[in-house]
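Trainee: Next up is a structure, given as structure tokens.
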Amino acid sequence: MSANKVTRRLRIKRSIRNKISGTAERPRLSVFRSNKAIYAQIIDDTTGKTLVAASSAKLDDAKANIDTSNRVGKAIAELALEKGISQVVFDRSGYLYHGKVKSLAEGAREAGLKF
Numbered sequence: 180m181s182a183n184k185v186t187r188r189l190r191i192k193r194s195i196r197n198k199i200s201g202t203a204e205r206p207r208l209s210v211f212r213s214n215k216a217i218y219a220q221i222i223d224d225t226t227g228k229t230l231v232a233a234s235s236a237k238l239d240d241a242k243a244n245i246d247t248s249n250r251v252g253k254a255i256a257e258l259a260l261e262k263g264i265s266q267v268v269f270d271r272s273g274y275l276y277h278g279k280v281k282s283l284a285e286g287a288r289e290a291g292l293k294f
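Going by the working numbering, the final residue of the sequence shown carries number 294, and the count climbs one at a time with no gaps.
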């Protein structure tokens, strides 16, 4: 990625984070996308703790494609529901809402997470 692309994403990320914050009742579902994997974690911003985390690197096939992203979304939703978390605020971390990020969100919704 070029420097302009990185700085643009970080600027958008800062703008998003100024508007949303996770609470104990409704934590934040944060997404990070790399070239090799996709990561998702549910964070309570009031205490600064990660409650639940899932990634494609922990799945049996660690390819970062749309199908794997959907499975990561379902995995994070199942872990969250086991902890008693049913509603979250979605933080796309400056990425466009399409492709892998959209697939992760749809997988989490299919598994029962509301946002």
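All C-beta atoms, glycine included, are put in the ideal place defined by N, C-alpha and C. Owing to the predicted nature of the structure, the values given are computational and were not obtained by experimental measurement.
Can you check the region 216 to 282 for any alpha helix (DSSP H) of at least 4 residues that lies completely inside it and give the ranges in chain order?
Mentor: The qualifying runs are 245 to 261.
Trainee: For Ser194, is the classification buried or exposed, using 16 other Cβ atoms within 10 angstroms of its Cβ as the cut-off for buried?
Mentor: As a first step, residue 194 is located in the sequence shown; it is residue number 15 there, counting from the start. When all chains shown are included, Ser194 counts as exposed.
Trainee: Give me the Cβ distance between Gly278 and Ile245, rounded to the nearest whole Å; I'm assuming they're in contact under 8 Å.
Mentor: Reading the sequence shown from its first residue, position 99 is the one you call residue 278. Reading the sequence shown from its first residue, position 66 is the one you call residue 245. With 8 Å as the limit, Gly278 and Ile245 qualify as a contact, their Cβ atoms being about 6 Å apart.
Trainee: Is it true that the region 181 to 191 meets the region 207 to 218, where meeting means three or more beta-carbon pairs spaced less than 8 Å apart?
Mentor: No contact exists between the region 181 to 191 and the region 207 to 218.
Trainee: To the nearest angstrom, report how far apart Leu260 and Thr229 are at their CA atoms.
Mentor: Residue mapping note: residue 260 aligns to position 81 of the sequence shown, counting from 1. Residue mapping note: residue 229 aligns to position 50 of the sequence shown, counting from 1. So the two alpha carbons sit approximately 15 Å from each other.
Trainee: Determine the direct distance from the alpha carbon of Ser209 to that of Ser282, and round the result to whole angstroms.
Mentor: The residue you call residue 282 lines up with position 103 of the sequence shown. The residue you call residue 209 lines up with position 30 of the sequence shown. If you take the alpha carbons of Ser282 and Ser209, they lie about 14 Å apart.
Trainee: Residue range of the beta strand (DSSP E) that Arg212 falls in?
Mentor: Counted from its first residue, the sequence shown places residue 212 at position 33. Run containing Arg212: 207 to 212, per the beta strand (DSSP E) assignment.
Trainee: How would you write the range of the alpha helix (DSSP H) that Ile195 sits in, first residue to last?
Mentor: In the sequence shown, residue 195 corresponds to position 16, counting from 1. Where Ile195 is concerned, the enclosing alpha helix (DSSP H) stretches over 182 to 198.
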